Each structure stands twice: as structure tokens, then as C-alpha cells.
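A.B. asks:
Residue numbers (my numbering): 4 to 362.
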């Protein structure tokens, strides 16, 4: 038994927290379409409970690996594929915070806000640490085979975009206080970092997809990661308006103009996310036609990006209306539920058999 536990920790993949992200985002996706989803509150509590439970279970072997097998952690951080998934841990903290924020009547504000602030601070620190560490490692490498470039490379730099999503809520809640200013300024800094790095890294990876053959089958799901950045940017475009207006004491005219501009930006960014979703489906089907995609932890890459797209769709619908966004959002949500159940069951099956922990 001791040997088995040691083997699990030794081979514990850094991408396990993608399952937490893909579960917690469901809470937010349900919130934005709660008027169209039966038993919305019940489903929110279910996915929130699952996300917190998964985080607790996964965090223990993940942390132990840093102390017991740091050489393996170091090797993973230097790996051109595995290293990119380490930021999923701090990202999970912020996604859980966003999920807590969207569950109705769960905690009183006096308790909820400090918890959200705690999750945001530690999530932000973790995101910054892994982003700079992995970027530094990649810059120092003598050379990387460009054929293995994949959308997973977006995770370290673009993880910065998650920071202003929760940061905007906290900036609004603490408006007029020093903490509110810190939340807003930090959110804007990370927005700039994530946006520009997204352009740089996306350009490099996009070139790889055009210039080389399709990725190995087990990495095929990573193409879906490309949906998340512009979906998140669409959300930020609308969500950051309120704290900015409060901070600058904007007039009613300025609020109206800025609101229109943010809506235009959100729809435009959402459009790219939709394009990438369609492209991801097509490429995944192309892979499946050539060879069955073997189950791996990379399958969780189907969930969070799709969930982000659903949230962005709901946010855009709330901002400008339109039945089109409701239909797109609900079709995507039903697809998300099917995918989540499938991936969760397959993961549970491989955990029980021990197959998923084999090196």
C-alpha cells in the first residue's frame, strides 16, 4: 500500500487541477443562464461541492510531490508540455472564488468577501510565480522542437487573464478603500500581461498548426484551450466597467459611452471564441477520423474552455440581449454536461484501476 501511494505521488501529473477548473466553471455557467436551466441552484451546489472536494483531494499529492520528488517537479517544469499545466493550481483557486461568488445565499457577505480576497491573493501570487518561472525556463532553453507546440503553451501567460475576472468583483466590493484600489490596479496590470502574451504565444502556436502535421492524438484536446482567452477577455470587457467607473468617478455620459464600447469589444472577442470553438470541434473530429483519441488527463481541456465560452455567451446576452445567444449558450451548456460526465466517469474509472497513475 505504501509503495502504491509513493507511486501515485511520484507520477502525479501537474494537470490534475484542470479537473477542478472544468468543474468549478460549471457553477458560473449555470449562473449566467439560471433563468433557462431547471434546478439551477441545486446544480450549482453540486458542481461547487465537487470542485472543492476535487481540489482538496488533488492538492495533497500535488503538494507532497514538491517535497518528496522535487526532481520530478523540476523535470516537469522544464518539459515543453507538462510544465504549462502547473498554473492550473492557482487558476483553480480563483475559479473556485468566482464559483463561490455566484452561488446564491451560500455565505453572508461579511464572510464571503474575505474568503474571495484570500483566494484571489494566493491565486494571483501563484499565477505570477508559474508564469514567470515557466517563461524564464523557456527563454533559457537551447531549443525546443516546434512540432510539439500546442495550445497548452497558452496556460502560463494567459492565466494572468483570470486575475481581473475576480479582481473586478473585489474592486467593486471594496470601492473607495485602499484594498479596492489594489484589486483594480493589480487586475489592470495582469490584464495587460495576459492580453499581450496571448497575442505573442497564440501567434507562435498558430504558426505551428499551419506549418506541421496535427498533434499526437493524446494532445488533440489542447486545441480547445484556445477558446478560453478571448472568452475571458469578453467577460472582462463588460465586468471591469463598473469598478473603473467607480474609481474614476465617471459621469453618466462617460458611463454610457464606456458601456457601449465595452459591449462592442465583448461581442467582437466572443466572436473569435466562437470561431475557435467551431475550429476545435472540426480538428477534434478530424483527429477522431484518423485515430481514436486515447483517454488522458488532457481530456479535461474540453471542459474549462467550453465553460468559459458559455459564461462569455451569458454575459454578452445579459449586456445586449438576443435569443441567438441563449440558443448558442444552451446548446453549448448541454454539450458541456455530456462532456463533463464522460470525462469524469473515464477519470474515475482509471483512478480506480490505477491506470492513470502509471508513469
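Don't be surprised by glycine CBs; every beta carbon is placed ideally from N, CA and C. This structure is a prediction, so every number in the text was calculated from the model and none was measured.
Measure the CB-CB distance between residue 163 and residue 193 and report whether it falls below 8 Å.
C.D. replies: For residue 163 and residue 193, yes; Cβs fall inside 8 Å.
A.B. asks: How would you label residue 42, buried or exposed, when you count the other beta carbons within 10 angstroms and need 16 or more for buried?
C.D. replies: Exposed: under 16 other Cβ atoms inside 10 Å.
A.B. asks: Tell me whether the beta-carbon of residue 186 lies closer than 8 Å to the beta-carbon of residue 206.
C.D. replies: In this structure, residue 206 does not lie closer than 8 Å to residue 186 by Cβ.
A.B. asks: How is residue 106 classed by DSSP in three states: helix, strand or coil?
C.D. replies: Coil.
A.B. asks: Determine the direct distance from the alpha carbon of residue 323 to that of residue 273, and round the result to whole angstroms.
C.D. replies: Computed Cα separation, rounded: 13 Å.
A.B. asks: Would you report the Cα separation of residue 93 and residue 37, rounded to the nearest angstrom?
C.D. replies: One C-alpha to the other measures close to 27 Å.
A.B. asks: Quick check on residue 16: does DSSP put it in helix, strand or coil?
C.D. replies: Coil.
A.B. asks: Report, in whole angstroms, the separation of the C-beta atoms of residue 203 and residue 232, which I expect to be a contact under 8 Å.
C.D. replies: Not quite, the Cβ-Cβ distance comes to about 12 Å (not below 8 Å), so this is no contact.
A.B. asks: Specify whether the stretch 17 to 30 and the stretch 301 to 317 touch according to this definition: at least 3 beta carbon pairs, one from each stretch, less than 8 Å apart.
C.D. replies: Counting Cβ pairs under 8 Å, three or more are found: they touch.
A.B. asks: Compute the Euclidean distance between the alpha carbons of residue 166 and residue 190, then round it to the nearest angstrom.
C.D. replies: Between residue 166 and residue 190, the C-alpha separation is close to 6 Å.
A.B. asks: Just the Cα atoms here: how many angstroms apart are residue 265 and residue 240?
C.D. replies: Near 5 Å, if we compare the C-alpha coordinates of residue 240 and residue 265.
A.B. asks: Counting C-beta neighbours from all protein chains within 10 Å, is the total for residue 295 16 or more, i.e. buried, or is it exposed?
C.D. replies: Its Cβ having fewer than 16 others within 10 Å, residue 295 is exposed.
A.B. asks: Taking residue 340 as part of the alpha helix (DSSP H), name the residues at either end of that continuous run.
C.D. replies: Where residue 340 is concerned, the enclosing alpha helix (DSSP H) stretches over 326 to 356.
A.B. asks: Would you mind giving the Cβ-Cβ distance between residue 353 and residue 298, rounded to the nearest angstrom? I have them listed as a contact below 8 Å.
C.D. replies: With 8 Å as the limit, residue 353 and residue 298 qualify as a contact, their Cβ atoms being about 7 Å apart.
A.B. asks: Report back the beta-carbon spacing between residue 320 and residue 328 to the nearest angstrom; my notes put them in contact at under 8 Å.
C.D. replies: Confirmed, Cβ separation roughly 4 Å.
A.B. asks: Roughly how many angstroms lie between the CA atoms of residue 334 and residue 181, to the nearest whole one?
C.D. replies: Those two C-alpha atoms are separated by around 42 Å.
A.B. asks: Which residues in the same chain have their Cβ closer than 7 Å to the Cβ of residue 67, if we skip the five residues on either side of it in sequence?
C.D. replies: Excluding residues within five positions, the ones whose Cβ falls inside 7 Å are 12.
A.B. asks: Which residue from 346, 33 and 244 puts its Cα closest to that of residue 106?
C.D. replies: Checked all of 346, 33 and 244; the closest Cα to residue 106 is 33.
A.B. asks: How far does the alpha helix (DSSP H) with residue 168 in it extend, from its first residue to its last?
C.D. replies: Where residue 168 is concerned, the enclosing alpha helix (DSSP H) stretches over 166 to 176.
A.B. asks: Have a look at residue 234 and residue 168 and give me their C-alpha separation to the nearest angstrom.
C.D. replies: Cα-Cα distance, rounded: 11 Å.
A.B. asks: DSSP three-state call for residue 84: helix, strand or coil?
C.D. replies: Three-state DSSP puts residue 84 in coil, outside helix and strand.
A.B. asks: For the alpha helix (DSSP H) that contains residue 214, what are its first and last residues?
C.D. replies: From DSSP, the alpha helix (DSSP H) with residue 214 extends over 181 to 214.
A.B. asks: Would residue 18 and residue 136 qualify as a contact pair, given that the criterion is a beta-carbon distance under 8 Å?
C.D. replies: No.
A.B. asks: Going straight from the alpha carbon of residue 175 to that of residue 246, what length do you get?
C.D. replies: C-alpha separation (whole angstroms): 5 Å.
A.B. asks: Check for me: the alpha helix (DSSP H) holding residue 221 runs from which residue to which?
C.D. replies: Careful: residue 221 lies outside any alpha helix (DSSP H) and carries neither H nor E.
A.B. asks: Whole angstroms is fine: what's the gap from residue 97's alpha carbon to residue 196's?
C.D. replies: Taking the straight line joining both Cα atoms gives about 17 Å.
A.B. asks: Cα-Cα, which of 46, 349 and 89 is closest to residue 16?
C.D. replies: It is 89 whose Cα lies nearest to the Cα of residue 16.
A.B. asks: Among the residues of its own chain, which have a CB less than 6 Å from the CB of residue 359, if the five just before and after it don't count?
C.D. replies: Same-chain partners within the cutoff: 353.
A.B. asks: Along the chain, where does the alpha helix (DSSP H) that runs through residue 312 open and close?
C.D. replies: Its alpha helix (DSSP H) spans residues 306 to 323.
A.B. asks: In chain order, what are the residue ranges of uninterrupted alpha helix (DSSP H) at least 4 long that sit wholly in the stretch 29 to 85?
C.D. replies: The stretch 29 to 85 contains these whole alpha helix (DSSP H) runs: 43 to 71 and 73 to 81.
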